[in-house]
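Novice:
6 protein chains.
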Amino acid sequence: MYAIPLTESAELRPLEPWQDAEFLAHIDRARSHTDPWIPWATWSTDLESARATLQKYADKQAADAGRIYGIWRDGTLIGGVMFVQFDAARGNCEIGVWAEPAGEGHGLISAAVRYLMEYAFTERGMYRIEWWNSAGNTRSRAVAQRAGMHLDGTLREQSLYNGVRHDMEIWSLLTHEWQGAPKSA
Amino acid sequence: MYAIPLTESAELRPLEPWQDAEFLAHIDRARSHTDPWIPWATWSTDLESARATLQKYADKQAADAGRIYGIWRDGTLIGGVMFVQFDAARGNCEIGVWAEPAGEGHGLISAAVRYLMEYAFTERGMYRIEWWNSAGNTRSRAVAQRAGMHLDGTLREQSLYNGVRHDMEIWSLLTHEWQGAPKSA
Amino acid sequence: MYAIPLTESAELRPLEPWQDAEFLAHIDRARSHTDPWIPWATWSTDLESARATLQKYADKQAADAGRIYGIWRDGTLIGGVMFVQFDAARGNCEIGVWAEPAGEGHGLISAAVRYLMEYAFTERGMYRIEWWNSAGNTRSRAVAQRAGMHLDGTLREQSLYNGVRHDMEIWSLLTHEWQGAPKSA
Amino acid sequence: MYAIPLTESAELRPLEPWQDAEFLAHIDRARSHTDPWIPWATWSTDLESARATLQKYADKQAADAGRIYGIWRDGTLIGGVMFVQFDAARGNCEIGVWAEPAGEGHGLISAAVRYLMEYAFTERGMYRIEWWNSAGNTRSRAVAQRAGMHLDGTLREQSLYNGVRHDMEIWSLLTHEWQGAPKSA
Amino acid sequence: MYAIPLTESAELRPLEPWQDAEFLAHIDRARSHTDPWIPWATWSTDLESARATLQKYADKQAADAGRIYGIWRDGTLIGGVMFVQFDAARGNCEIGVWAEPAGEGHGLISAAVRYLMEYAFTERGMYRIEWWNSAGNTRSRAVAQRAGMHLDGTLREQSLYNGVRHDMEIWSLLTHEWQGAPKSA
Amino acid sequence: MYAIPLTESAELRPLEPWQDAEFLAHIDRARSHTDPWIPWATWSTDLESARATLQKYADKQAADAGRIYGIWRDGTLIGGVMFVQFDAARGNCEIGVWAEPAGEGHGLISAAVRYLMEYAFTERGMYRIEWWNSAGNTRSRAVAQRAGMHLDGTLREQSLYNGVRHDMEIWSLLTHEWQGAPKSA
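Residue numbers (the working numbering), protein chains in the order written: chain P, 707 to 891; chain V, 707 to 891; chain R, 707 to 891; chain D, 707 to 891; chain Z, 707 to 891; chain U, 707 to 891.
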């Protein structure tokens, strides 16, 4: 029902457990692309686990502790953005993103991230937005940089994936550093 | 973040537990008006109970068993619509509404109801939408009639409010009776 | 331990989860007969699901939100009656019944229903008893009529069974319409 | 609805949470009499705690782990009997009793205990019924003796009441020692 | 991290769910030896059930309702001791033990039991420690006797194992009967 | 029962919910000292909240997700150490500490931290230990430095205390950087 146009052919919409089959088909297209940087694909390997991933976010939203949004381009789910953590009492939250190959290179992820930042800072009064990315995940890092975020530090070998450990970067944007809502909003 | 314009000055948006204070102020304005027809006001008498009312719907949404939406006019919450019940497996749901005096007479409720019907029938493939109203609640009954619903029956003295029992009407609209989405959608 | 004689050879007794095997054997005899009007048989296809059906009612009874009773004839479980819903605070409840072929035509169901009505109205002070039956289920409808119930309405295509939708009738009896306890009580 | 006549003027019936007010009034009459031998009265001091005591047994019954029954004499609740523990898988259960002064001296408790024993041994196939009483509680001990139970042992100072410790006796009756159902059954 | 030396080559340590594989290997060595006296081995037949057994005690410890400790000899888990029940409010607890053949005959179990008794009586102020053993389990009975416990009674045929019923002995030690901490403590 | 000597007069022991009164008395002595750097004192203001703080860690331990240990000096609880987080599957954990004034300046905290590091790296095979401290909390920072930890980054204004935001430092030690167990172990 709700939808936010990102471009003429793409929009940001709620992504919920009843969309499990659509989500799984998308994750299957995204799998080799998102690995090894995020466990997203690892968690959603069949209809039941795909649904569980979405239910986890549905429950987070009910508790105001996180949210997830899908991006549809020409009617196909090609990625999304989420509040991985959302702590209104302390004013801190964390934004994350993912995409299949068809969802990259169009600025859709960056546009969606700006909507979440606007929501967090302006509508909810959050103070600090975090961004965590595996140090080798240059695409993710680039989104944080384009959003004007600041690198707070690198957690040495904090992430474990398939037996290999990776450094994890933490970026942040504070409310007074926020440049404002997307132009189209 | 999400919003659907109903008129130039009104829009339909998610209504969530963190908006408890805004919801309570609205219910206080609506109280004498909605009583005795719906228990809405009875359930929300202070911040804690107002929040509990919204949390109940947040939990329903997480379980895909119900949803609630607020209507803001000139920036003020003046009423709303909800899926009181939502059973995707069986194809049945129930829509309900409420408003404070400032929210009536502008067609906002009816417009919002059409969005929910469109969502239920078109986006979710529901078969039957129900509407329950106390037989004496002529405003609510009028909304059902304007939406083209059919009176299925009257449950004799089914409702109890402040020690007085009221007849309860059940209206329905079936998917093949649905005239389609709102023009502005 | 408890038992209420319905006739010389039949009695009404509690029906509990530990009687799962006896219940399943009965449902197997009742299956083709109760389908397609009630989902009872659909829910109880093996020992585990039969037990779950009875446990659901055991939990309802613990919460005073429903109850189930079996009817034994010549020592064999041949059907039963239940409070599908029981809302003491609002004074409303719903009675339902089921039987295998051997349990019909002896007036056992109607006799048992009268005991539940007496319990609801007299012992518990309920105001309104409901009865829901699929419009095509003439046997169920006949029980409601014999009990002196009034048809409040017909929910159009409200029920879904094996892909086919059925109208659902709602009957009611109010406390002042109740003719009193069974003669034998 | 269910009732088992114990004498012309007394009967055994289910005792449930909705009877909290009646139960509390009875416990108030029983209080000084049952103390210090059983914690029954200690647990039920107002409507909420009285209801919680009954709810505990309602939940036990739903789990087939215990049951409670009230005894009414001339329409007044004057005591009762319960399965404190009920372990069908292992064939063991424990019976307990309590009464207000007006409930003693009429053989009502002993008659009710026999119904529970009949239920346990015959209807449920239990092997061993236990009885625990504080060593100084001669009335309770006498009920166990009249029921033909055997003293298995005395747990030294096992019970604590108001800072004083008491010996606790354990009596038992095995299925092959059971003399059969009450004559009136 | 924590460890209490029992002898030069043996020590008492926490036994936790993450040690499931080590525990299962030990139970496999103990299985024929502990049967038929305790259900310990029956409950732990694979990694999942072994872990569940340990988790049950981890949860008991979190609730201060029981505890479990392993005994390692030359680095191998060969048995252990536990507070089967622990009721600080009433001052009662129950101690149990188990061992594989390699864990017997060295006094390790008896030494460990003394540490638990010291903990219960001195550190926690318990009043009564119980010991339950199947009447035919002479090894277990001997530990209770060596610990100076008193036989309170024998529950006739209380225990059920593989279809055979066994008498169950209850031993006890009261705080004023306690001879004090182990010499090495 | 378990205890690890840190010095001649101090030892590290489990700290559990039943020690709530002792813990609260200690926190009352530590309150002005630990504020504003850690919320420890803020969470434990009376017996119920002190117990809840310890219960939170008891539950974490049962889930192998965290642990807490107290330090007693001359028989008085003067501080402690904890695994704030413990994720065995990913090999990451976080250590935290607190003390009342009498607990500082004796090296007790640093000694206890080394025991936890030894436990994490050696006994549990963890890969990375984290340490979070408010940037202005120089005492805490010094413990991390003395333990040979490395500063991974500073989360700008991440912490909120009494309306003031503080930078938060994250330090880490990796398994191959660990110098080994405390000499006294």
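We put the beta carbon where it would ideally sit given N, CA and C, even for glycine.
1) Check whether the Cβ of P:Tyr-708 lies closer than 7 Å to any Cβ atom in chain V.
2) What separation, rounded to the nearest whole angstrom, lies between the Cα atoms of V:Ile-744 and V:Asn-843?
3) Along the chain, where does the alpha helix (DSSP H) that runs through D:Tyr-775 open and close?
4) So, for P:Ala-817: in the same chain, excluding its five sequence neighbours on each side, which residues have a beta-carbon less than 6 Å away from its beta-carbon?
5) Is R:Met-855 near R:Gln-864, with beta carbons less than 7 Å apart?
6) 7 Å is my cut-off, CB to CB: does D:Ala-848 come that close to chain R?
7) According to the Cβ coordinates, are D:Leu-730 and D:Leu-753 closer than 7 Å?
8) For chain P, is any of its Cβ atoms less than 7 Å away from the one on U:Leu-866?
9) Taking D:His-732 as the reference, which of D:Asn-868, D:Val-790, D:Ile-777 and D:Ala-768 has the closest Cα?
10) Can you find a C-beta in chain R that's less than 7 Å from the C-beta of D:Tyr-763?
11) Quick one: list the residues of chain R neighbouring V:Ile-876, beta-carbon separation under 7 Å, in chain order.
12) Over what stretch of residues does the alpha helix (DSSP H) that includes U:Glu-728 continue unbroken?
13) Can you tell me the Cα-Cα spacing of D:Gly-802 and D:Arg-834, whole angstroms?
14) Listing by chain order, which chain P residues have their CB less than 7 Å from the CB of V:Trp-724?
15) Quick check: is the beta carbon of V:Tyr-825 nearer than 7 Å to any beta carbon in chain P?
16) So, helix, strand or coil for V:Arg-820, using DSSP?
17) Across the region 792-799 of chain U and the region 822-833 of chain U, are there enough close Cβ pairs to call them in contact, namely three or more that are closer than 8 Å?
18) For a cutoff of 7 Å on Cβ pairs, would you count R:Glu-883 as touching chain V?
19) State the CB to CB distance for the pair V:Tyr-708 and P:Ile-876, rounded to an integer number of angstroms; the pair is presumed to be in contact (CB under 8 Å).
20) Which residue wins for smallest C-alpha separation from Z:Arg-757, given the options Z:Gln-725, Z:Arg-779 and Z:Leu-857?
21) For D:Leu-880, go through chain Z and note every residue whose CB falls closer than 7 Å to its CB, in chain order.
22) Could one say the Cβ of U:Arg-834 lies closer than 7 Å to chain P's Cβ atoms, at least one of them?
23) With distances taken Cα to Cα, identify the nearest neighbour of U:Gln-786 among U:Leu-879, U:Asp-770, U:Arg-719 and U:Gly-869.
24) What is the residue span of the beta strand (DSSP E) that V:Asp-858 lies within?
25) Around the Cβ of R:Ser-750, are there at least 16 other Cβ atoms within 10 angstroms (buried) or fewer (exposed)?
26) Where do the ends of the beta strand (DSSP E) carrying U:Arg-845 lie?
27) Give me the residue from P:Thr-881, P:Ala-805 and P:Phe-789 with the minimum Cα distance to P:Phe-827.
28) Going by beta-carbon coordinates alone, are R:Leu-783 and R:Glu-728 separated by less than 7 Å?
29) Give the DSSP-derived three-state secondary structure of D:Gly-809 in the structure shown.
30) Does R:Glu-829 come out as helix, strand or coil in the three-state DSSP assignment?
31) Express the C-alpha separation of D:Ala-841 and D:Gly-809 in angstroms, rounding to a whole number.
32) Would you say U:Ala-716 and U:Arg-779 are within 7 Å of each other, going by their C-beta atoms?
33) Can you name, in chain order, every residue of its own chain whose Cβ lies under 8 Å from the Cβ of P:Ser-755, other than the five neighbours on each side?
34) Since V:His-872 sits in a beta bridge, which residues does DSSP pair it with?
35) I'd like to confirm the pairing. Which residues does DSSP put opposite U:Thr-748 in its beta bridges?
Specialist: Here's the rundown:
1) yes
2) 9 Å
3) Here D:Tyr-775 belongs to no alpha helix (DSSP H); instead the beta strand (DSSP E) covers 773-779.
4) Leu-712
5) no
6) no
7) yes
8) yes
9) D:Ile-777
10) no
11) Gly-859 and Leu-861
12) 726-740
13) 14 Å
14) Asp-770 and Ala-794
15) yes
16) helix
17) yes
18) no
19) Not confirmed; about 29 Å, so no contact.
20) Z:Gln-725
21) Arg-862 and Glu-863
22) yes
23) For the sequence presented, residue 786 of chain U should be read as Gly rather than Gln. When each option's Cα is compared against that of U:Gly-786, the closest is U:Arg-719.
24) 856-867
25) buried
26) Counting along the chain, U:Arg-845 falls outside any beta strand (DSSP E), though it belongs to the alpha helix (DSSP H) covering 844-852.
27) P:Thr-881
28) yes
29) helix
30) helix
31) 21 Å
32) yes
33) Trp-749
34) V:Ser-865
35) U:Thr-748 is not bridged to any residue.
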